[in-house]
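S.K.: With my numbering applied, the sequence shown closes on residue 409, and no number is skipped along the way.
Provided herewith is a single structure, encoded as structure tokens, for subsequent inquiry.
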Amino acid sequence: MNTNSLFMPFQLKTLNLKNRIVMAPMTRSFSPNGVPTDAVAAYYQKRAEGQVGLLLSEGTVINRPSSSNDANVPHFYGEESLAGWKQVIDGVHSAGGQMGPQIWHMGIMDNHHSGWVPPVPFEGPSGLNRPGFSNGTTMTINDIENTIIAFGKAAADAKRLGFDCIEIHGAHDYLIDQFFWDATNLRTDNYGGKTLAERTRFAVEVIKEIRKQVGEDFAIIMRLSQFKPSDYNFKLAKTPQEMEAWLSPLIDAGVDILHCSQRRFWEPEFEDNDLNFAGWAKKLTGKPTITVGSVGLSGDFFGAFTGESSQPTSLDELTRRLDRGDFDLVAVGRPLLSDPNWVSKIKAGNNDQLKGFSKEALSELVLE
């Protein structure tokens, strides 16, 4: 495999990356009561030592009473949790890496299998997280305004702690995505609307508040997806024109990089063109994009959660698209769960040393 293009540097605002490889955000649930531990800090530092260009944290929730459905998902608020994140970023920097937290509000959720529930009901645009499933309350205007403020405060804290960027989680049917989707956003006020472009208002106001808090020179990434966990074949934007109407307001509000989540990066987003989601997003906005979706392993990432193992695969198609300029950065998930040295092995050409993935990697923070 010719992987030279993966190891070209990338610069944008506060980002000065040694290569094009990003550690994808992956929920780990190893932060009791929302506090990242020493083990969490070591987990991220090991990947920085393994030469990952940019680490994006697991989703870490903002200061809203029901922003999480899992007691072990980290918080990005509160003195103790922020001290834990300070330890994380200091460790990553000591290893020569760069990192941003993925700031998150889950919105309306299923109850966690552990039985834990937040102190107040889940909140979302219309109380739904998929058609016909209600498990929370409809947000008032005051709820929406306070949530926007909480996103901004988390971003400001990220900059204060020394992180190099932030990522806003706007994908996978969590809160921001619930505002995008007409099946979960039934509002008739200014936060609803018949078109996808109209339903971007909540996201736009979140982005504007974050930009206000961090300034113009701090890099903002936003993660988006077309599919829904309840429908992997769903497309939020069904045409390039709808996609442009969706993405352009987000860019105008202050997003620097679009992180385009799909199941398999090699699949075309629309007919009659082989561009994937990240390729179309870059073509339509002119902004840098991150591609992600089953990079470097057989089987797509959903199989991981049903116990499917995956073996290393060629990166030739990935680098072909990167060389063509379809996207700028490549997010890698499961290979880095199993192997903190995946990037350095790829760079050295030690492909025979690459590890596969098995579900056991989900149950521990692998350090070797």
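Don't be surprised by glycine CBs; every beta carbon is placed ideally from N, CA and C.
In this text the structure is predicted, and so the values were computed from the model without any measurement.
1. Who does K59 pair with in a DSSP beta bridge?
2. If you run the structure through DSSP and keep just helix, strand and coil, what is S175?
3. For the beta strand (DSSP E) containing L363, name the first residue and the last one.
4. What's the call for D369, buried or exposed, on a 16-neighbour Cβ count within 10 Å?
5. On the criterion of 16 or more Cβ atoms from any shown chain inside 10 Å, does I80 qualify as buried, or is it exposed?
6. Enumerate in chain order the residues of its own chain whose CB-to-CB distance from S175 is below 7 Å, with the five nearest sequence positions on each side excluded.
7. State the beta-bridge partners of Q139 as determined by DSSP.
8. Beta-carbon within less than 6 Å of T241's beta-carbon, same chain only, minus the 5 sequence neighbours each way: which residues are those?
9. For Q52, list the residues DSSP reports as bridge partners.
10. Please go through the stretch 175-218 and give each complete alpha helix (DSSP H) segment of 4 or more residues, from N-terminal end onward.
11. Take K279 as the anchor and find which of E312, W126 and I130 has the nearest alpha-carbon.
12. Give the C-beta separation of W287 and H210 to the nearest angstrom, bearing in mind that I take them to be a contact with Cβ-Cβ under 8 Å.
13. Please give the ranges of any alpha helix (DSSP H) in the stretch 277-343, keeping only runs that are unbroken, at least 4 residues long and fully inside the region.
14. Classify L408 as helix, strand or coil using the three-state DSSP reduction.
15. Return the Cβ separation of Q92 and S385 in integer angstroms, given the expectation that the two are a contact with Cβ distance under 8 Å.
16. Looking at C-alpha atoms only, which residue of T332, P281, D357 and N187 is the closest neighbour of S108?
17. Does the contact criterion of 3 or more C-beta pairs under 8 Å hold for the stretch 44-58 versus the stretch 353-364?
18. Determine the DSSP secondary structure at G125, reduced to helix, strand or coil.
19. So, using beta-carbon positions, are N74 and A112 closer together than 8 Å?
M.R.: Concretely, from the data shown:
1. Reading the sequence shown from its first residue, position 18 is the one you call residue 59. Looking at the DSSP assignment, K59 forms no beta bridge with any residue, so it has no partner.
2. Counting from one through the sequence shown, the residue named residue 175 turns up at place 134. DSSP, read as helix, strand or coil, puts S175 in strand.
3. By one-based count along the sequence shown, residue 363 stands at place 322. For L363, there is no enclosing beta strand (DSSP E); the residue is part of the alpha helix (DSSP H) that begins and ends at D357 to R365.
4. Taking the first residue of the sequence shown as position 1, residue 369 is located at position 328. With 16 or more other Cβ atoms from the protein chains shown falling within 10 Å of its own Cβ, D369 counts as buried.
5. Residue 80 sits at position 39 when you count from the first residue of the sequence shown. Sequence inspection shows Ala at residue 80; the Ile mentioned does not correspond to that position. Exposed is the call here.
6. The residue labelled residue 175 in the question sits at position 134 within the sequence shown. Correct list, in chain order: G168 and L169.
7. Counting from 1 along the sequence shown, the entry for residue 139 is found at position 98. Within the DSSP bridge table, the entry for Q139 names L95 as partners.
8. As a working note, residue 241 is residue 200 in the sequence shown. Cβ within range, chain order: P290.
9. Here residue 52 is taken as the residue at index 11 of the sequence shown, counted from 1. The secondary-structure analysis by DSSP pairs Q52 across a beta bridge with N57.
10. Every alpha helix (DSSP H) of 4 residues or more that sits fully in the stretch 175-218 is shown, in chain order, as 182-202.
11. Stepping through the sequence shown from its first residue, residue 279 is reached at position 238. The residue from E312, W126 and I130 with its alpha-carbon nearest to that of K279 is E312.
12. What you label residue 287 is simply residue 246 of the sequence shown in a count that begins at 1. What you label residue 210 is simply residue 169 of the sequence shown in a count that begins at 1. That belief does not hold up - the Cβ atoms of W287 and H210 are roughly 16 Å apart, past 8 Å.
13. Those alpha helix (DSSP H) runs which fall completely within the stretch 277-343 and span 4+ residues are 281-294 and 318-326.
14. By 1-based counting over the sequence shown, the position of residue 408 is 367. Note: L408 maps to coil in three-state DSSP.
15. As a working note, residue 92 is residue 51 in the sequence shown. As a working note, residue 385 is residue 344 in the sequence shown. Indeed, because the Cβ distance is near 5 Å, the residues count as touching under 8 Å.
16. The residue labelled residue 108 in the question sits at position 67 within the sequence shown. Among T332, P281, D357 and N187, the Cα nearest to that of S108 is on N187.
17. Short answer: they touch.
18. Here the question's residue 125 lines up with position 84 in the sequence shown. In the structure shown, the three-state DSSP call for G125 is helix.
19. Here residue 74 refers to the residue found at position 33 of the sequence shown. Here residue 112 refers to the residue found at position 71 of the sequence shown. Yes; because the gap between Cβ atoms is below 8 Å, this pair is in contact.
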